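Asker:
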Amino acid sequence: MNANHEAILSSIEMLSTKLIKESQNLHECLYNIEEKIELLDMEIKNLNQLKDIPAVQDIERLDEGNTIDWIMHPQNEDGKDDVLNDESVINFIHDYSELYDEKKERKLKQDILKIVRWTCNDVEETIVHGDKNKKLPTWKRLSSDNKKLMLNSVTEEVQKRGLPCHRCQGNWFIHHLVYNCWHNKAKYRNKKIKQKLTNSNTENSNNIDGSKVQYKKNKTKKEQKEQKEQEKKTVKEYRSLKQRAVRMRIYIIKSEWKME
6 MNANHEAILS SIEMLSTKLI KESQNLHECL YNIEEKIELL DMEIKNLNQL
56 KDIPAVQDIE RLDEGNTIDW IMHPQNEDGK DDVLNDESVI NFIHDYSELY
106 DEKKERKLKQ DILKIVRWTC NDVEETIVHG DKNKKLPTWK RLSSDNKKLM
156 LNSVTEEVQK RGLPCHRCQG NWFIHHLVYN CWHNKAKYRN KKIKQKLTNS
206 NTENSNNIDG SKVQYKKNKT KKEQKEQKEQ EKKTVKEYRS LKQRAVRMRI
256 YIIKSEWKME
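Its first residue numbered 6, the sequence shown is counted upward by one per residue in my numbering.
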């Protein structure tokens, strides 16, 4: 019976471990699916926003017989959308700017980044209205109107500089630049405000603690003063009683003399 009991317990333990592991794997899969759904939602929103960009509207009005030479999102070795970075921006400018000069390409990149930064600054000001303590929404929580405004403005300005960014499928090039700029801007501003608030709370706490210490000091001084006054009063009363006792004693002695 003991052997069977141990075997059963061992089987239950193995089954429990397996279930826990499977549960963790399932949780990871669900997390990855949620992440992919969120990315897909963003791409759908970007495609919808493209409809309001004048350059894209012109493309949509082309005859059905004409084809659009779309610029696809850079792919990784697995054939999936690659993670964009600074090198991706430089490569796009090199491939489609027709400048054929590294210095000019880098200068164009800096000009584009300035456009993105100025555009984000304008939207930031419309949100905070000069309030230095107001936080910025993350890109996910930013209104679609503000996203559309930034994407449209930057796309038009970059097109004027000879880059066919309107041909990027899903507007991936402009979206990458605007998203990164806004993400960094909101992160930096909100972190700064949080730090400022923390420092303010710490300072207030220190002031309160200092006030408590000072109050205790003042209270101690007051108590010491009251104690000294009480001691003086006690000594004075003691002397008064002692004098009265002496006078009483003298009175009794004189009375006894008279009786004699």
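Every residue, glycine too, gets a C-beta built ideally from N, C-alpha and C.
Being a predicted model, the structure only gives us computed values, none of them experimental.
1. Among E129, W123, V94, whose alpha-carbon lies nearest the alpha-carbon of K112?
2. Taking only the alpha-carbon atoms, compute the straight-line gap between E162 and L156 and give it to the nearest angstrom.
3. Would I117 be called buried (16 or more neighbouring beta carbons within 10 Å of its own) or exposed?
4. Which one of N185, K241, K192, K196 has the shortest CA to CA distance from D91?
5. Are the C-beta of S205 and some C-beta of chain B separated by less than 8 Å?
6. Does DSSP classify I73 as helix, strand or coil?
7. State the Cα-Cα distance for the pair R146 and L154, rounded to the nearest angstrom.
8. Using the beta-carbon count (16 or more within 10 Å), is A191 buried or exposed?
9. Measuring CB atoms only, is the stretch 171-186 touching the stretch 93-109, in the sense that at least three cross pairs come out at less than 8 Å?
10. Does the distance between the C-beta of T160 and the nearest non-hydrogen atom of the ligand COA fall short of 7 Å?
11. Does DSSP classify S93 as helix, strand or coil?
12. Relative to the C-alpha of G167, which residue among S205, E103, I73 is closest?
13. If we count the other Cβ atoms within 10 Å of its Cβ and call it buried at 16 or more, is N81 buried or exposed?
14. Using 10 angstroms around the beta-carbon of S158, count the other beta-carbons present and answer buried if the total reaches 16, otherwise exposed.
15. Ordered along the chain, which non-local residues of its own chain (more than five positions away) have a Cβ less than 6 Å from that of D86?
16. Under the three-state reduction of DSSP, which class applies to D87: helix, strand or coil?
17. Around the C-beta of T160, are 16 or more other C-beta atoms found within 10 angstroms, so that it is buried, or is it exposed?
18. Using the C-alpha atoms, what's the distance from T22 back to C173?
19. By how many angstroms is the C-alpha of K152 removed from the C-alpha of Y193?
20. Mark L89 as exposed unless 16 or more other C-beta atoms lie within 10 angstroms of its C-beta, in which case mark it buried.
21. Measuring only the C-alpha atoms, how far is P142 from I198?
22. What does DSSP give as the partner residues of C173 in its beta bridges?
23. Is A12 buried or exposed, if buried means 16 or more other CB atoms sit within 10 Å of its CB?
Answerer: Quick look at the numbers:
1. Translated into the one-based positions of the sequence shown, residue 112 becomes position 107. Its Cα nearest to that of K112, the residue V94 stands out among E129, W123, V94.
2. For the purposes of this step, residue 162 is taken as residue 157 along the sequence shown, with counting starting at 1. For the purposes of this step, residue 156 is taken as residue 151 along the sequence shown, with counting starting at 1. Straight-line Cα distance between these residues: approximately 10 Å.
3. Here the question's residue 117 lines up with position 112 in the sequence shown. Buried, since its Cβ has 16 or more Cβ neighbours within 10 Å.
4. Walking along the sequence shown from the start, residue 91 turns up at place 86. If we check each option's Cα against that of D91, N185 comes out closest.
5. Judged by its chain identifiers, the structure shown contains no chain B, having just a single protein chain.
6. Position 68 of the sequence shown holds residue 73. Correct three-state label for I73: coil.
7. Indexing the sequence shown from 1 puts residue 146 at position 141. Indexing the sequence shown from 1 puts residue 154 at position 149. Their Cα atoms are separated by approximately 15 Å.
8. Counting from 1 along the sequence shown, the entry for residue 191 is found at position 186. Burial call: buried.
9. Taking 8 Å as the limit for Cβ pairs, the verdict is that the stretch 93-109 does touch the stretch 171-186.
10. The ligand COA is absent from the structure shown, which contains no ligand whatsoever.
11. As a working note, residue 93 is residue 88 in the sequence shown. Looking at S93 - three-state DSSP - the assignment turns out to be helix.
12. Taking the sequence shown and counting its residues from 1, the one referred to as residue 167 is at position 162. Ranking S205, E103, I73 by CA distance to the CA of G167 puts E103 first.
13. By one-based count along the sequence shown, residue 81 stands at place 76. Of the residues assessed, N81 falls on the exposed side of the cut-off, its CB having fewer than 16 other CB atoms within 10 angstroms.
14. Counting from 1 along the sequence shown, the entry for residue 158 is found at position 153. Buried: at least 16 other Cβ atoms inside 10 Å.
15. On the sequence shown, position 81 is the one that residue 86 refers to. Result list for D86: H78, in chain order.
16. Looking up residue 87 in the sequence shown gives position 82. Coil.
17. Reading the sequence shown from its first residue, position 155 is the one you call residue 160. Its Cβ being crowded by 16 or more others within 10 Å, T160 is buried.
18. Taking the first residue of the sequence shown as position 1, residue 173 is located at position 168. Taking the first residue of the sequence shown as position 1, residue 22 is located at position 17. Rounded to the nearest angstrom, the two C-alpha atoms are 49 Å apart.
19. Translated into positions along the sequence shown, residue 193 becomes position 188. Translated into positions along the sequence shown, residue 152 becomes position 147. In a straight line, the C-alpha of Y193 is about 19 Å away from that of K152.
20. Working through the sequence shown from its first residue, we reach residue 89 at position 84. Classification for L89: buried.
21. In the sequence shown, residue 142 corresponds to position 137, counting from 1. In the sequence shown, residue 198 corresponds to position 193, counting from 1. Taking the straight line joining both Cα atoms gives about 13 Å.
22. By one-based count along the sequence shown, residue 173 stands at place 168. Partner(s): I76.
23. Translated into the one-based positions of the sequence shown, residue 12 becomes position 7. Counting of Cβ neighbours within 10 angstroms places A12 among the exposed residues, the total staying below 16.
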